[in-house]
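Enquirer: Residue numbers (the working numbering): 1 to 102.
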Ligand SMILES: [Zn+2]
């Protein structure tokens with residue numbers, strides 16, 4: 001768990017490290033060019049996404065799109081919590097997410 005310093009606004013957010021799709025989005029949001037590790041992470045993510053969605057029937061794709069949009073909105077509304085969860089999940093490695101789909 002990151003330590004939060006009282007009064008230090010910048011430390012309240014957990015910054016996701018470069019080399020992740022989330023950090024790629026951060027580069028883009030800031031209007032700066034993404035570094036190479038972030039570009040690679042983003043490309044890998046997009047490739048994986050296309051492979052996952054291409055073979056899906058229409059109804060399932062709509063469901064996945066709605067889920068993705070909901071996750072992005074949730075992340076935007078609770079950025080610090082989302083970043084903390086993201087870091088936790090990264091630390092867990094490549095194990096499948098528990099529960100909600102199978
Ligand atoms: Zn980066």
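Even for Gly, the Cβ is constructed at its ideal location relative to N, Cα and C.
Please state if the CB of residue 53 and the CB of residue 64 are separated by a distance shorter than 8 Å.
Expert: Cβ atoms of residue 64 and residue 53: closer than 8 Å.
Enquirer: Between the beta-carbon of residue 18 and the beta-carbon of residue 37, is there less than 8 Å?
Expert: Yes, the Cβ-Cβ distance between residue 18 and residue 37 is below 8 Å.
Enquirer: Are there 16 or more other CB atoms within 10 angstroms of the CB of residue 76, so buried, or fewer, so exposed?
Expert: Answer is exposed; the Cβ neighbour count stays below 16.
Enquirer: By alpha-carbon positions, which one of 87, 28, 92, 55 ends up nearest to residue 14?
Expert: Per the Cα distances, 87.
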